[in-house]
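Q: The structure is given below, and queries will be raised subsequently.
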Amino acid sequence: MNADTTPLPPCPAAAQPPRGTCPVHTTDTTTATTATTAKAPPAARPGPWPPGPPSGPTGWSWLWRMRRDMAGTLEGLQRDWGDLVHLRIVPEQVVLVMHPGLVRELLVQQHDRLIRAERPVEVFAGLHGQSVLVREGADWHAQRLALQPAFAPKAVKSLVPGLVATVRGQLQDWPTQHARWPVEQRLTQLTMAVILQAVFSSRLEPAALEAAEQAVQTVSRIAQGEFFWPASWPDAMPWKARKRHAMAVLRGLVENHLQDRLAQPEDSWPDDLLSRLMALHRAEPGRWTLRAVADECTTAFLAGHETVAASLTWWCWCLAADPQEQDRLAREVAQALAGADPGPQHLSALPRLRASLQESQRLYPAAPMLINRRATAPVTLGGRTLPARTLFMIPVQQLQRDARWYPQPGHFRPERFLQPDEQRPRGAWMPFGAGPRVCLGQHLAQDEMTVVAALLLQRWRLAPVPGAAAPQPEMAVTLRPRTPLHLSLQPA
Ligand code: HEM
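For the sequence shown, position 23 matches number 23 in full-length UniProt numbering, and the numbering has no gaps at all.
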């Protein structure tokens with residue numbers, strides 16, 4: 001892909017005025033109407049780079065520093081150089097964007113001058129094929145528009161009863177009490193079961209679930225390593241047997257479900273994501289080939305459970321570390337549900353619970369760094385014009401732990417999200433990204449997390465394992481505790 005010479009076709013969505021008519025922009029709950037409807041003015045001639053530290057001959061040491069301690073390195077750079085920091089990392093000119101206003105200027109107003117950075121996309125394409133996650137330009141736009149209805153809030157609400165049944169089924173295997181419960185591992189299995197239900201209406205046997213989980217872990221770990229290298233050895237190399245095996249497990253999982261569905265009479269297909277994708281295939285078999293359907297299923301499966309599991313794991317930790325807040329949330333759940341299962345109608349009646357999920361996602365965003373963006377044309381940010389090919393890094397975790405918008409930013413305080421805060425700029429909370437490429441599955445993720453959180457609080461109280469240290473966040477495609485989180489379970 002040649003970023004310099006392949007201009008993006010204009011995104012029709014960006015030019016359409018009223019919010020509500022464009023399915024792309026309506027999903028971005030963090031997008032201002034004025035920002036989405038205004039076309040970015042033509043950029044001026046590129047000027048000097050923003051301030052930044054000396055890079056030495058290559059600047060590669062910055063990559064190593066970030067890999068070792070992302071949060072600490074970014075904090076130091078922002079403290080010393082400000083909200084827009086230039087790093088020369090041969091062969092790239094990198095600009096870190098660490099102010100919510102500047103991030104929105106970039107991702108919302110100037111999204112038609114950006115593509116995702118080539119290397120992460122190359123790595124993701126090895127896993128996701130040509131799904132919406134990796135496509136660019138007109139292809140991405142058409143794909144996103146076609147998928148949007150399946151992920152719209154109303155469509156997601158219709159999945160809630162199936163989702164509740166799956167979560168209940170998974171929680172039945174949890175003990176009434178346990179001194180050291182592997183909460184992270186069990187939440188990963190649970191979210192995997194949920195996404196299998198949402199995408200394929202399927203329930204895997206525990207052994208198959210575990211094999212799939214192992215495969216996801218293997219490919220995620222390998223992908224994480226590959227991001228930092230300019231190229232990868234072909235997967236056929238003898239030392240890549242583990243990756244090949246893991247990929248075969250994941251491809252087999254998707255293929256088997258697809259073939260099963262094709263073998264069933266169409267009028268008996270369940271209402272799930274696969275059926276919605278198959279409807280696209282039936283309507284436009286040239287564009288929506290079975291390969292394309294399989295790729296979207298793979299993305300929904302991979303993007304749709306790891307992230308949710310990571311977010312729920314951190315939420316559990318935040319509650320375990322704050323028993324008073326946990327009691328407050330349990331009281332809200334008890335009052336709103338009176339012992340019943342959460343239904344679609346209850347989800348908005350749990351404001352504090354939802355705020356607690358927002359707050360834990362602020363502290364521990366599953367994707368602490370958005371996939372880097374490449375400028376395909378000059379981009380103007382904060383009055384500074386930066387040339388085509390600039391590589392932008394958007395550190396979400398840094399943005400969300402900024403004391404300017406969140407006093408005592410390291411503290412878990414759900415009340416921050418109970419009332420709108422006029423002082424807090426839009427974009428200061430963006431665990432799902434922002435702009436037209438905002439997470440496609442955010443409504444599903446938010447409803448799922450609310451359901452799981454409510455069902456957990458109806459059954460248990462969580463506490464840290466006595467003597468165990470607080471979990472240390474580490475990047476493993478998603479932000480996870482460095483060692484798998486265990487918590488003590490007590491009956492509610
Ligand atoms: C808590 C859970 C989740 C988090 C934190 C999350 C986060 C994100 C983020 C930050 C992006 C944008 C990346 C970027 O701009 O570089 C993204 C994109 C995406 N997410 Fe999610 N996600 C979650 C759940 C889901 C679920 C449940 C699904 C689907 C079942 C999903 C599907 C996608 C897809 C398809 C994209 C690519 C959209 C595009 O490029 O147009 N995600 N997600």
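In this text, a Cβ means the ideal position worked out from N, Cα and C, and glycines have one as well.
(1) Which whole runs of the beta strand (DSSP E) in the segment 76–133 are 3 residues long or more, in chain order?
(2) For residue 493, count neighbouring C-beta atoms within 10 Å of its own C-beta (all shown protein chains included) and say buried if the count is 16 or more, exposed if not.
(3) Cα-Cα, which of P368, P471 and W314 is closest to S356?
(4) Nearest CA to the CA of A349: which residue from L363, V451 and E325?
(5) Closer than 7 Å to a non-hydrogen atom of ligand 1 - does that hold for the CB of T313?
(6) Should I115 be listed as close to ligand 1, given that the test is whether its C-beta is under 7 Å from any heavy atom?
(7) DSSP on P436, reduced to helix/strand/coil?
(8) What residue ranges within the segment 147–224 form continuous alpha helix (DSSP H) runs of no fewer than 4 residues, ordered along the chain?
(9) So L163 and V199 are supposed to be a Cβ contact under 8 Å. How far apart are they, rounded?
(10) Select from V396, L487, P378 and P161 the residue whose C-alpha is nearest the C-alpha of R45.
(11) Quick one: grab the DSSP three-state call for W229.
(12) List in chain order: all unbroken alpha helix (DSSP H) runs of 4+ residues lying wholly within the segment 280–321.
(13) Determine the direct distance from the alpha carbon of L337 to that of R331, and round the result to whole angstroms.
(14) Quick check on P342: does DSSP put it in helix, strand or coil?
(15) For S202 and P436, I'd like the C-alpha separation in whole angstroms.
(16) Would you say P50 and R384 are within 8 Å of each other, going by their C-beta atoms?
(17) Just mark K154 as buried or exposed, buried being the case when its beta carbon has 16 or more other beta carbons within 10 Å.
(18) Can you look up S488 in the DSSP assignment and give me helix, strand or coil?
(19) Using a Cβ-based criterion (distance less than 7 Å to any ligand heavy atom), does G59 qualify as near ligand 1?
(20) For the alpha helix (DSSP H) containing P323, name the first residue and the last one.
(21) Any heavy atom of ligand 1 closer than 7 Å to the Cβ of Q442?
(22) How many Å lie between V132 and Q490 at the Cα?
(23) Alpha carbons only, please: which of P285, H305 and L277 is nearest the one belonging to A294?
(24) Indicate whether at least one CB of chain D lies closer than 8 Å to the CB of G101.
(25) What whole-angstrom Cβ distance do S488 and R186 have, given they're in contact under 8 Å?
(26) Whole angstroms are fine: how far does the CA of I115 sit from the CA of V274?
(27) Shorter than 7 Å, the distance from the beta carbon of V132 to the closest heavy atom of ligand 1, or not?
(28) With DSSP as the reference, label E474 as helix, strand or coil.
(29) Per DSSP, W62 is paired with what?
(30) Alpha carbon to alpha carbon, how far is P230 from R119?
(31) Please report how far the alpha carbon of H111 lies from the alpha carbon of T380, in whole angstroms.
(32) List the endpoints of the continuous alpha helix (DSSP H) containing P351.
(33) Can you tell me where the alpha helix (DSSP H) with W465 in it begins and where it stops?
(34) Compute the Euclidean distance between the alpha carbons of R244 and V123, then round it to the nearest angstrom.
(35) At the level of alpha carbons, what is the spacing between A283 and V249?
A: Once the coordinates are examined:
(1) Fully contained in the segment 76–133 are the following beta strand (DSSP E) runs of length 3 or more, in chain order: 84–89, 92–97 and 114–116.
(2) The structure shown does not extend to residue 493, since the chain is modelled only from 1 to 492, so the question has no answer here.
(3) In the sequence shown, counting from the first residue as 1, residue 356 sits at position 356. Cα-wise, what sits closest to S356 is W314.
(4) Reading the sequence shown from its first residue, position 349 is the one you call residue 349. Answer by Cα proximity: V451.
(5) The sequence position of residue 313 within the sequence shown is 313, counting from 1. Outside the cutoff, so no.
(6) Along the sequence shown, one-based indexing puts residue 115 at 115. For ligand 1, not one heavy atom lies less than 7 Å from the Cβ of I115.
(7) Residue mapping note: residue 436 aligns to position 436 of the sequence shown, counting from 1. Per DSSP, reduced to three states, the secondary structure at P436 is coil, with no helix or strand assignment.
(8) With a minimum length of 4 residues, the continuous alpha helix (DSSP H) runs that stay inside the segment 147–224 are 153–157, 160–171 and 183–200.
(9) To locate residue 163, count along the sequence shown from 1; it is residue 163. To locate residue 199, count along the sequence shown from 1; it is residue 199. So it is not a contact: roughly 12 Å between Cβ atoms.
(10) By 1-based counting over the sequence shown, the position of residue 45 is 45. Looking at the Cα atoms, P378 is the closest of the given residues.
(11) As a position in the sequence shown, residue 229 is number 229, starting the count at 1. Collapsing the DSSP output to three states places W229 in coil.
(12) DSSP runs (the alpha helix (DSSP H)) wholly in the segment 280–321: 290–303 and 306–320.
(13) Position 331 of the sequence shown, counted from the start, is the residue given in the question as residue 331. Position 337 of the sequence shown, counted from the start, is the residue given in the question as residue 337. Straight-line measurement puts the Cα of L337 at about 10 Å from the Cα of R331.
(14) For the purposes of this step, residue 342 is taken as the residue at position 342 of the sequence shown. In this structure, P342 counts as coil in the three-state DSSP scheme.
(15) Indexing the sequence shown from 1 puts residue 202 at position 202. Indexing the sequence shown from 1 puts residue 436 at position 436. Separation of S202 and P436 (C-alpha to C-alpha, rounded to the nearest whole angstrom) is 31 Å.
(16) Position 50 of the sequence shown, counted from the start, is the residue given in the question as residue 50. Position 384 of the sequence shown, counted from the start, is the residue given in the question as residue 384. Result yes, Cβ atoms of P50 and R384 sit closer than 8 Å.
(17) The sequence position of residue 154 within the sequence shown is 154, counting from 1. Exposed, since its Cβ has fewer than 16 Cβ neighbours within 10 Å.
(18) Translated into positions along the sequence shown, residue 488 becomes position 488. S488 falls in the strand class under three-state DSSP.
(19) In the sequence shown, the residue the question calls residue 59 occupies position 59. No, Cβ of G59 sits at least 7 Å from all heavy atoms of ligand 1.
(20) Taking the sequence shown and counting its residues from 1, the one referred to as residue 323 is at position 323. Per DSSP, the unbroken alpha helix (DSSP H) holding P323 starts and ends at P323 to L337.
(21) Stepping through the sequence shown from its first residue, residue 442 is reached at position 442. At least one heavy atom of ligand 1 lies closer than 7 Å to the C-beta of Q442.
(22) Your numbering for residue 132 matches position 132 in the sequence shown. Your numbering for residue 490 matches position 490 in the sequence shown. Each residue's CA atom was taken as its position, placing V132 and Q490 some 42 Å apart.
(23) As a first step, residue 294 is located in the sequence shown; it is residue number 294 there, counting from the start. The option with the nearest alpha carbon to A294 is L277.
(24) Here chain D cannot be found, since the structure has a single protein chain.
(25) Taking the sequence shown and counting its residues from 1, the one referred to as residue 488 is at position 488. Taking the sequence shown and counting its residues from 1, the one referred to as residue 186 is at position 186. Not a contact, Cβ separation roughly 14 Å.
(26) In the sequence shown, the residue the question calls residue 274 occupies position 274. In the sequence shown, the residue the question calls residue 115 occupies position 115. Here residue 274 turns out to be Leu, not Val, going by the sequence shown. Between L274 and I115, the C-alpha separation is close to 28 Å.
(27) By 1-based counting over the sequence shown, the position of residue 132 is 132. V132 Cβ: within cutoff of ligand 1.
(28) Start at 1 with the first residue of the sequence shown, and residue 474 comes out as number 474. Looking at E474 - three-state DSSP - the assignment turns out to be strand.
(29) The residue you call residue 62 lines up with position 62 of the sequence shown. Per DSSP, none; premise fails for W62.
(30) Position 230 of the sequence shown, counted from the first residue, corresponds to residue 230. Position 119 of the sequence shown, counted from the first residue, corresponds to residue 119. Those two C-alpha atoms are separated by around 7 Å.
(31) Along the sequence shown, one-based indexing puts residue 111 at 111. Along the sequence shown, one-based indexing puts residue 380 at 380. Answer to the nearest angstrom: the Cα atoms are 12 Å apart.
(32) Residue mapping note: residue 351 aligns to position 351 of the sequence shown, counting from 1. Segment P351 to L363, the alpha helix (DSSP H) holding P351.
(33) Taking the sequence shown and counting its residues from 1, one reaches residue 465 at position 465. For the sequence presented, residue 465 should be read as Val rather than Trp. From DSSP, V465 is part of no alpha helix (DSSP H); its letter is neither H nor E.
(34) In the sequence shown, counting from the first residue as 1, residue 244 sits at position 244. In the sequence shown, counting from the first residue as 1, residue 123 sits at position 123. Annotation: R244 to V123 spans about 14 Å, alpha carbon to alpha carbon.
(35) What you label residue 283 is simply residue 283 of the sequence shown in a count that begins at 1. What you label residue 249 is simply residue 249 of the sequence shown in a count that begins at 1. The alpha-carbon atoms of A283 and V249 are separated by roughly 30 Å.
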